[in-house]
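In the working numbering, the protein residues as written are 27 to 283. Glycine included, C-beta positions come from ideal geometry on N, C-alpha and C.
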Ligand SMILES: [Zn+2]
C-alpha cells in the first residue's frame, strides 16, 4: 500500500501526447478521498490503474478550458454515469472554464441522461490565493497564472504532513506562480518551451522554483511528440540549485518531507 497523502501523475505531456505520455493531469490521494486536477485522455482507465474508482472521485479541479486539460470531462461524466455512480461530483474552476464546459455538456443533452448523478459547479473568482476546497487531507487554493486563456495554478497544503505542493498549470514565468509556490516542498512546473505569450522553458521553470524558494522541482507538460526530454532536467538545473526531476505518467510522489 503506497503512502498517503500522495499525488499520482496521470499524464505528463504537453499538447500532443504519445503512446507513453498522456496530456498533463494528476490525482491527489488522501485518507478522505481523491481529487483530480484536469481531465484528459481516458480518465476512468487511468484512475482505475492507480486504484481509484469513478465512484470514489470526490472532486475535479480544472485549470483552464483547453482540450489537452479538459477534453475528457464529458467522457468521465458519461462513463461514471454508465457504471452507476450516484454521489455528487464537485467541479472547481474559473467561470471562463466552467461556463464553456456547461455549454459543451448541453450539446450532449446531458439533461436527458436519466438517473445521472449530480454535478456541482464551483465557479472560482479570478484573483490570487482563492480558497478552492478543504477536506481532512488537503487545503487547496488557486491563483490566476498567465496563459492564452484564463488559467489557474494550484497550491495544495497537506494538513497531516504540512507538505506544500505547488502546480503551475500552463503559464509563462510569472510572479503569481512564485507566490503560489512560496517555500513549497515541491513545485510541479510546466516546461513546454519558451513561448512568450503562453508557456515556459525548463530553465524558466528552474528560475521560478529558485525565486519561490521551492525545495524540489518536477517538470511536467513537456513535448514528447517526436521530441526527447533528456535535456530538460539539466536545463532546469542551470537556474535552480535544488533537486529536479521529470514527471512521468503513473509516477507516485509521496506528499511528505
Ligand atoms: Zn496544456
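Original post:
Between the beta-carbon of residue 85 and the beta-carbon of residue 106, is there less than 8 Å?
Top reply: Position 59 of the chain shown, counted from the start, is the residue given in the question as residue 85. Position 80 of the chain shown, counted from the start, is the residue given in the question as residue 106. Contact flag unset, no.
Original post:
Using CA coordinates, which residue listed in 29, 28 and 33 is at the minimum distance from residue 273?
Top reply: The residue you call residue 273 lines up with position 247 of the chain shown. When only C-alpha atoms are compared, the closest one is 33.
Original post:
Taking the C-alpha atoms as reference points, what is the distance between residue 209 and residue 87?
Top reply: Indexing the chain shown from 1 puts residue 209 at position 183. Indexing the chain shown from 1 puts residue 87 at position 61. Going by the C-alpha atoms only, they are around 23 Å apart.
Subject >> Cβ separation of residue 257 and residue 218, assumed to be a contact under 8 Å, to the nearest whole Å >> reply: As a position in the chain shown, residue 257 is number 231, starting the count at 1. As a position in the chain shown, residue 218 is number 192, starting the count at 1. Not really, about 14 Å apart at Cβ, beyond 8 Å.
Original post:
For the beta strand (DSSP E) that contains residue 32, what are its first and last residues?
Top reply: As a position in the chain shown, residue 32 is number 6, starting the count at 1. Segment 32 to 37, the beta strand (DSSP E) holding residue 32.
Original post:
ligand 1 heavy atoms versus the CB of residue 122: any closer than 7 Å?
Top reply: As a position in the chain shown, residue 122 is number 96, starting the count at 1. No.
**OP:** Starting from residue 123, trace the alpha helix (DSSP H) both ways and give me its first and last residue.
**Re:** Position 97 of the chain shown, counted from the start, is the residue given in the question as residue 123. Where residue 123 is concerned, the enclosing alpha helix (DSSP H) stretches over 121 to 133.
**OP:** Please go through the same chain and pick out, in chain order, the residues whose beta-carbon is closer than 8 Å to the beta-carbon of residue 141, but skip the five residues on each side of it.
**Re:** Taking the chain shown and counting its residues from 1, the one referred to as residue 141 is at position 115. So the list reads 107, once near-sequence residues are dropped.
Subject >> Paired residues, beta bridge with residue 44 - DSSP >> reply: Locating residue 44 in the chain shown gives position 18, where the first residue counts as 1. DSSP lists 47 as partners of residue 44.
Original post:
Between which two residues does the alpha helix (DSSP H) harbouring residue 181 extend?
Top reply: Residue mapping note: residue 181 aligns to position 155 of the chain shown, counting from 1. Per DSSP, residue 181 belongs to no alpha helix (DSSP H); it is in the beta strand (DSSP E), 178 to 184.
**OP:** Please classify residue 221: does DSSP put it in a helix, a strand, or coil?
**Re:** In the chain shown, residue 221 corresponds to position 195, counting from 1. DSSP places residue 221 in strand when its eight states are reduced to three.
Subject >> Under the three-state DSSP convention, the category residue 94 falls into >> reply: Here residue 94 corresponds to residue number 68 of the chain shown, with the count starting at 1. Three-state result, residue 94: helix.
Original post:
Hey, would you say the C-beta of residue 196 is under 7 Å away from at least one heavy atom of ligand 2?
Top reply: As presented, the structure is devoid of ligand 2, carrying ligand 1 as its sole ligands.
Subject >> Limits of the alpha helix (DSSP H) - the one that residue 103 falls within >> reply: Here residue 103 is taken as the residue at index 77 of the chain shown, counted from 1. Looking at the DSSP string, the run of the alpha helix (DSSP H) that includes residue 103 is 99 to 108.
Subject >> Limits of the unbroken alpha helix (DSSP H) element including residue 29 >> reply: On the chain shown, residue 29 is found 3 positions in, with the first residue counted as 1. Run containing residue 29: none; DSSP gives neither H nor E here.
**OP:** Measure the C-alpha to C-alpha separation of residue 69 and residue 36 and round it to an integer number of angstroms.
**Re:** Your numbering for residue 69 matches position 43 in the chain shown. Your numbering for residue 36 matches position 10 in the chain shown. When the Cα atoms are used, residue 69 and residue 36 turn out to be separated by approximately 8 Å.
Original post:
If we call anything under 8 Å between Cβ atoms a contact, is residue 31 one with residue 197?
Top reply: In the chain shown, residue 31 corresponds to position 5, counting from 1. In the chain shown, residue 197 corresponds to position 171, counting from 1. Cβ distance not < 8 Å, so residue 31 and residue 197 don't count as in contact.
**OP:** Could you have a look at residue 268 and say whether DSSP puts it in helix, strand or coil?
**Re:** The sequence position of residue 268 within the chain shown is 242, counting from 1. The three-state reading of DSSP puts residue 268 in coil, since its state is none of H, G, I, E or B.
Subject >> Distance CB(residue 98)-CB(residue 83) smaller than 8 Å >> reply: Looking up residue 98 in the chain shown gives position 72. Looking up residue 83 in the chain shown gives position 57. No, Cβ-Cβ distance for residue 98 and residue 83 is not below 8 Å.
Original post:
To the nearest whole angstrom, what separates the beta carbons of residue 47 and residue 66, a pair I think is in contact under 8 Å?
Top reply: Position 21 of the chain shown, counting from 1, holds the residue named residue 47. Position 40 of the chain shown, counting from 1, holds the residue named residue 66. The C-beta distance from residue 47 to residue 66 rounds to 11 Å, too long to fall under 8 Å, and the pair is not in contact.
Original post:
Between the beta-carbon of residue 40 and the beta-carbon of residue 269, is there less than 8 Å?
Top reply: The count along the chain shown starts at 1 and reaches residue 40 at position 14. The count along the chain shown starts at 1 and reaches residue 269 at position 243. In this structure, residue 269 does not lie closer than 8 Å to residue 40 by Cβ.
**OP:** Give me the Cα-Cα distance between residue 101 and residue 226, rounded to the nearest whole angstrom.
**Re:** Within the chain shown, numbered from 1, the residue matching residue 101 stands at position 75. Within the chain shown, numbered from 1, the residue matching residue 226 stands at position 200. C-alpha separation (whole angstroms): 30 Å.
Original post:
The beta strand (DSSP E) spanning residue 250 covers which residue range?
Top reply: Counted from its first residue, the chain shown places residue 250 at position 224. Where residue 250 is concerned, there is no enclosing beta strand (DSSP E), given that its DSSP letter is neither H nor E.
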